[in-house]
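Enquirer: A single structure is presented below for examination.
Protein chains: 2
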Amino acid sequence: MSPSDASEFPPFGVTVDLVVLTVRDHTLNALTIRRGEPPFQGQWALPGGFVRPDEGLEAAAARELAEETGLDQLPVHLEQLATFGDPGRDPRMRVVSVAYLVLAPDLPAPRPGGDAAGARWTSAAELGDGSRLAFDHTRILAEGVERARAKIEYSSLAAAFCPEEFTVGELRRVYEAVWGVALDPRNFHRKVTGTPDFLVPTGGTTTRQGGRPAQLFRRGSAEKLNPPMLRPEA
Amino acid sequence: MSPSDASEFPPFGVTVDLVVLTVRDHTLNALTIRRGEPPFQGQWALPGGFVRPDEGLEAAAARELAEETGLDQLPVHLEQLATFGDPGRDPRMRVVSVAYLVLAPDLPAPRPGGDAAGARWTSAAELGDGSRLAFDHTRILAEGVERARAKIEYSSLAAAFCPEEFTVGELRRVYEAVWGVALDPRNFHRKVTGTPDFLVPTGGTTTRQGGRPAQLFRRGSAEKLNPPMLRPEA
DNA sequence: CCAATAGTGTCTTTCAGACACTATATA
DNA sequence: TATATAGTGTCTGAAAGACACTATTGG
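Residue numbers (this note's numbering), protein chains in the order written: chain F, 64 to 297; chain Y, 64 to 297.
Structure representation (structure tokens):
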């Protein structure tokens, strides 16, 4: 059989699913929506939906993020995660889903829209354990969480969880929440401030964390952290 | 518009494309096939083809590897790379392609089959520069090469380029070919033999590289290399 | 005052990088 | 013999981990 004549194959549906992560209350949280339509109506799931015929994959991911969560106005990080296409993962038809990973700063409650009957943040640990998400979304979420954990080791991506201006202590709490470990504040400070172009001081200070006023920083131009921040084995 | 009724969307084609890499003559090589059918008939391209209706994505990748290259009998590494789905990347229809990365030991000339009118190994550097592959395959190849370069830093994946039994020097030549740099043989030896469970001596020796007989090793159980092998900046 | 967080400095250990030296094969 | 590759040891500098100490806020 020649695959050059594509018309002999039944159609595939192509969707995007979003793993949207943030840090709230010292904990890694993921965004889930309550499905307003079948299949899995009423169950919690990752935001996502079908890609339109003339739409790029990343554009579809950005559109779904806006439609289903209203988080589109913010400076968020969006990258492709992986693609899931097991036969039978969607009861309607053969669907291949391209998953995207979104990292966002802590935000007010998301505004559900589109097909979502509700939207909420939930601890990633909780979603990984007990609760059952629709489709194969529990597995997709797990891969997104692991990607985020691995990537903040050697990149400046952790700052994507922070507001535009942040302190060294706030950045450290991001690492602690994502990895679930405690880091030494003094060694962390030495590491991030000693890496050239990683953090740029804005000149301002804040006491929003209590204690002595802390310098405010913006992300610098350095995208990679070399040598990497080492994740304790725990 | 509700995406819950998938039938209102025109069909997508879903394909797999393979970035198959090996090390030949101290150089990173990629496998390309000459297309036997339109579009891009006669041009060089990555092996790949349409996913069948009831076939998983990874299964499709393994099948195409066997059909188009005959490399299926070997112990190769296969992992998902990324998904490419820009509208217009295939002139026939909207096609989303899931790319897979295959790392294989050096092999005799591949046996073309299926739709391939020819198959050959080409230096990855050469393919990255001048020659134009069909579709967006030049870009897919570049992402595969970069993935391989990054991953051998912190994993035992470089051994996937070696035969089952190999010497420390042979493993070092893999790193040198993939990264395009020279490594100090003595420091490399200390690093890889000092990492627990990374290499397991088989007891045998070989002189196939000339010089003093070298111990033969198999891959150990350690999948990760911690701390990582540092890639010189060059 | 105390408690909390920010920030600096110092010591030790680990490890990469450079490289001297020895070992054992083939030509 | 010369030459190639394998393998060990030693020194140095960079950087992580542990942790003492000071600084500056608010209660």
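Beta carbons are placed, not taken as given, at the ideal position from N, Cα and C, and that holds for glycine.
1) For V77/Y and chain F, any beta-carbon pair shorter than 8 Å?
2) With 16 other CB atoms within 10 Å as the buried threshold, where does H89/F fall?
3) How should D153/F be labelled, buried or exposed, when 16 other C-beta atoms within 10 angstroms of its C-beta is the threshold for buried?
4) Taking all protein chains shown into account, decide if G267/Y is buried (16 or more other Cβ within 10 angstroms of its Cβ) or exposed.
5) If the cut-off is 7 Å on Cβ atoms, which residues from the region 145-170 of chain F count as contacting chain Y, listed in chain order?
6) Can the beta-carbon of L204/Y be found less than 8 Å from the beta-carbon of L94/Y?
7) Would D117/Y pass as an interface residue toward chain F - the criterion being a Cβ-Cβ separation below 8 Å?
8) Candidates E142/Y, T230/Y and V114/Y: which alpha carbon is nearest V214/Y's?
9) Does the region 125-143 of chain Y come close enough to the region 97-116 of chain Y to have 3 or more Cβ pairs within less than 8 Å?
10) Between P168/F, F75/F and A222/F, which has its C-alpha nearest S284/F's C-alpha?
11) Using 10 angstroms around the beta-carbon of M64/Y, count the other beta-carbons present and answer buried if the total reaches 16, otherwise exposed.
12) So which residues on chain F does Q143/Y lean against when the C-beta distance must stay under 7 Å?
13) L262/F and T270/F - do their beta-carbons sit closer together than 8 Å?
14) Kindly identify the DSSP beta-bridge partner or partners of L91/Y.
15) Name the residue from T230/F, G105/F and D178/F whose alpha carbon lies nearest to the alpha carbon of G273/F.
16) Pick from V114/Y, V82/Y and V77/Y: whose alpha carbon is nearest that of E206/Y?
17) Grab me the residues of E216/F's own chain with a C-beta within less than 6 Å of its C-beta, minus the 5 sequence neighbours each way, in chain order.
18) Can you tell me which residues form a DSSP beta bridge with Q143/Y?
19) Measuring only the C-alpha atoms, how far is G105/Y from A124/Y?
20) Between L128/Y and chain F, is the shortest Cβ-Cβ distance under 8 Å, so that the two count as touching?
21) Mind listing the chain Y neighbours of P295/F? Cutoff is C-beta to C-beta under 8 Å, in chain order.
22) Just to confirm before moving on: does the CB-CB distance between L313/Y and T258/Y stay below 8 Å?
23) Count the other C-beta atoms from every protein chain shown that fall within 10 angstroms of the C-beta of V159/F, then say buried if there are 16 or more, exposed otherwise.
24) How many Å lie between D178/Y and T265/Y at the Cα?
25) Distance cutoff 8 Å, beta carbons only. Does L288/Y sit that close to anything in chain F?
26) Just to check my reading of the structure: P173/F and A180/F have Cβ atoms closer than 8 Å, yes? What is that Cβ distance to the nearest angstrom?
27) Residue range of the alpha helix (DSSP H) that V255/F falls in?
28) Helix, strand or coil, according to DSSP, for A108/Y in the structure here?
29) L120/F CB to nearest chain Y CB: under 8 Å?
30) Please confirm if P226/F has its CB atom under 8 Å from at least one CB of chain Y.
31) Mind reading off the beta-carbon distance from V161/Y to L120/Y? Whole number of angstroms is fine, and I expect it under 8 Å.
32) Can you tell me whether G12/F is helix, strand or coil according to DSSP?
33) Answer with buried or exposed for A240/Y, where buried requires no fewer than 16 other C-beta atoms within 10 angstroms of its C-beta.
34) Establish whether the CB of P74/F and some CB of chain Y are separated by less than 8 Å.
35) In whole angstroms, give me the CA-to-CA distance for F147/Y and T201/Y.
Expert: On the basis of the coordinates in this document:
1) Counting from 1 along the second sequence, the entry for residue 77/Y is found at position 14. With 8 Å as the cut-off, V77/Y counts as an interface residue toward chain F.
2) Residue numbering aside, residue 89/F sits at position 26 when the first sequence is read from its first letter. By the 10 Å Cβ count, H89/F comes out exposed.
3) On the first sequence, residue 153/F is found 90 positions in, with the first residue counted as 1. Buried: at least 16 other Cβ atoms inside 10 Å.
4) Taking the second sequence and counting its residues from 1, one reaches residue 267/Y at position 204. Its Cβ having fewer than 16 others within 10 Å, G267/Y is exposed.
5) A145, T146, G148, D149, P150, R155, M156, R157, V159 and V161
6) Here residue 204/Y refers to the residue found at position 141 of the second sequence. Here residue 94/Y refers to the residue found at position 31 of the second sequence. No. Outside cutoff.
7) Along the second sequence, one-based indexing puts residue 117/Y at 54. Output row for D117/Y: interface = yes.
8) What you label residue 214/Y is simply residue 151 of the second sequence in a count that begins at 1. According to the sequence provided, residue 214/Y is Lys. The question's Val does not apply to it. The candidate whose alpha carbon is nearest that of K214/Y is E142/Y.
9) yes
10) Counting from one through the first sequence, the residue named residue 284/F turns up at place 221. Considering only alpha carbons, the answer is A222/F.
11) Start at 1 with the first residue of the second sequence, and residue 64/Y comes out as number 1. Low confidence applies here, because M64/Y scores a pLDDT of 37, under 50, leaving its location unreliable and the question unanswered by this model.
12) As a working mapping, residue 143/Y is identified with position 80 in the second sequence. The contacting residues are A145 and T146.
13) Taking the first residue of the first sequence as position 1, residue 270/F is located at position 207. Taking the first residue of the first sequence as position 1, residue 262/F is located at position 199. No.
14) The sequence position of residue 91/Y within the second sequence is 28, counting from 1. The partner list for L91/Y (beta bridge, DSSP) reads V86/Y.
15) Start at 1 with the first residue of the first sequence, and residue 273/F comes out as number 210. Ranking T230/F, G105/F and D178/F by Cα distance to G273/F puts T230/F first.
16) Stepping through the second sequence from its first residue, residue 206/Y is reached at position 143. Closest option to E206/Y, Cα to Cα, is V82/Y.
17) To locate residue 216/F, count along the first sequence from 1; it is residue 153. Hits under 6 Å: P291, M292 and R294.
18) Here residue 143/Y refers to the residue found at position 80 when the second sequence is read from its first residue. Looking at the DSSP assignment, Q143/Y forms a beta bridge with Y163/Y.
19) The residue labelled residue 105/Y in the question sits at position 42 within the second sequence. The residue labelled residue 124/Y in the question sits at position 61 within the second sequence. Those two C-alpha atoms are separated by around 22 Å.
20) Along the second sequence, read from residue 1 onward, the residue named residue 128/Y stands at position 65. False, the Cβ-Cβ gap to chain F never drops below 8 Å.
21) Sequence index remark: in the first sequence, residue 295/F carries index 232 (1-based). Within 8 Å Cβ-Cβ: nothing; P295/F doesn't reach chain Y, min ~12 Å.
22) Missing from the structure shown is residue 313/Y; chain Y here goes from 64 to 297 and no further.
23) Position 96 of the first sequence, counted from the start, is the residue given in the question as residue 159/F. When all chains shown are included, V159/F counts as buried.
24) As a position in the second sequence, residue 178/Y is number 115, starting the count at 1. As a position in the second sequence, residue 265/Y is number 202, starting the count at 1. Each residue's alpha carbon lies about 41 Å from the other.
25) Position 225 of the second sequence holds residue 288/Y. No, L288/Y does not count as interfacial toward chain F.
26) Reading the first sequence from its first residue, position 110 is the one you call residue 173/F. Reading the first sequence from its first residue, position 117 is the one you call residue 180/F. With a Cβ gap of about 13 Å, P173/F and A180/F do not count as contacting.
27) Here the question's residue 255/F lines up with position 192 in the first sequence. It spans P248 to G257 - the alpha helix (DSSP H) in which V255/F sits, taken as one unbroken run.
28) The count along the second sequence starts at 1 and reaches residue 108/Y at position 45. Of the three classes helix, strand and coil, the one that applies to A108/Y here is strand, per DSSP.
29) Within the first sequence, numbered from 1, the residue matching residue 120/F stands at position 57. True, the Cβ-Cβ gap to chain Y drops below 8 Å.
30) One-based indexing of the first sequence puts residue 226/F at position 163. Closer than 8 Å: no.
31) Indexing the second sequence from 1 puts residue 161/Y at position 98. Indexing the second sequence from 1 puts residue 120/Y at position 57. With a Cβ gap of about 5 Å, V161/Y and L120/Y count as contacting.
32) No answer is possible for residue 12/F: the residues shown for chain F start at 64 and end at 297.
33) Counting from one through the second sequence, the residue named residue 240/Y turns up at place 177. A240/Y should be labelled buried.
34) Translated into the one-based positions of the first sequence, residue 74/F becomes position 11. Yes, P74/F counts as interfacial toward chain Y.
35) Counted from its first residue, the second sequence places residue 147/Y at position 84. Counted from its first residue, the second sequence places residue 201/Y at position 138. In a straight line, the C-alpha of F147/Y is about 12 Å away from that of T201/Y.
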